[in-house]
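Chemist: Quick note: the UniProt record's numbering has the sequence shown finishing at residue 85, numbered continuously throughout.
Positions of the beta carbon are idealized from the N, C-alpha and C atoms, including for glycine.
Treat the numbers as computed from the prediction; the structure is a model and nothing was measured.
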Amino acid sequence: MSAFLTNEPAYNRYLEGGLNLPTYNTDQNGNIVLIAGEVFCRVDSYTSKDAKFSTSGNLRNYLKTHPTISLPPTSRASRYTNSPQ
Ligand SMILES: [Zn+2]
Numbered sequence: 001m002s003a004f005l006t007n008e009p010a011y012n013r014y015l016e017g018g019l020n021l022p023t024y025n026t027d028q029n030g031n032i033v034l035i036a037g038e039v040f041c042r043v044d045s046y047t048s049k050d051a052k053f054s055t056s057g058n059l060r061n062y063l064k065t066h067p068t069i070s071l072p073p074t075s076r077a078s079r080y081t082n083s084p085q
């Protein structure tokens, strides 16, 4: 996880849960767009701490179990950026 995010008050509010999260955006290939530092599954409209993953990587692995969404391929170059491929 990007260490700098933990210094952001808004990100800490996000980690506490209870936020109304928007649905995933998708890129031009139909893959969902994950934001750096994301730890909640948004597929099931989870808003509680129970749906919180310890890292974005764990969330990503879990998201593979959802057949309704498609994950973009990972690459080291794009790991910590949100920019389009
Ligand atoms: Zn889910």
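#1: Tell me whether Val39 counts as near ligand 1, meaning its Cβ is closer than 6 angstroms to at least one heavy atom of that ligand.
#2: Within 10 angstroms of its Cβ, does Leu19 collect 16 or more other Cβ (buried), or is it exposed?
#3: DSSP on Gln85, reduced to helix/strand/coil?
#4: Within the same chain, show all residues whose beta-carbon is closer than 8 angstroms to that of Asn61, passing over the 5 residues directly before and after it, in chain order.
#5: Tell me whether Asp27, by its Cβ, gets closer than 6 angstroms to a heavy atom of ligand 1.
#6: Measure the beta-carbon distance from Ser70 to Leu34 and round it to whole angstroms, keeping in mind my assumption that it falls under 8 angstroms.
Modeler: The structure says:
#1: no
#2: exposed
#3: Only weak support is given to the placement of Gln85: the predicted model assigns it a pLDDT of 49, under 50, and the question is left unresolved by the model.
#4: none
#5: no
#6: That belief does not hold up - the Cβ atoms of Ser70 and Leu34 are roughly 12 angstroms apart, past 8 angstroms.
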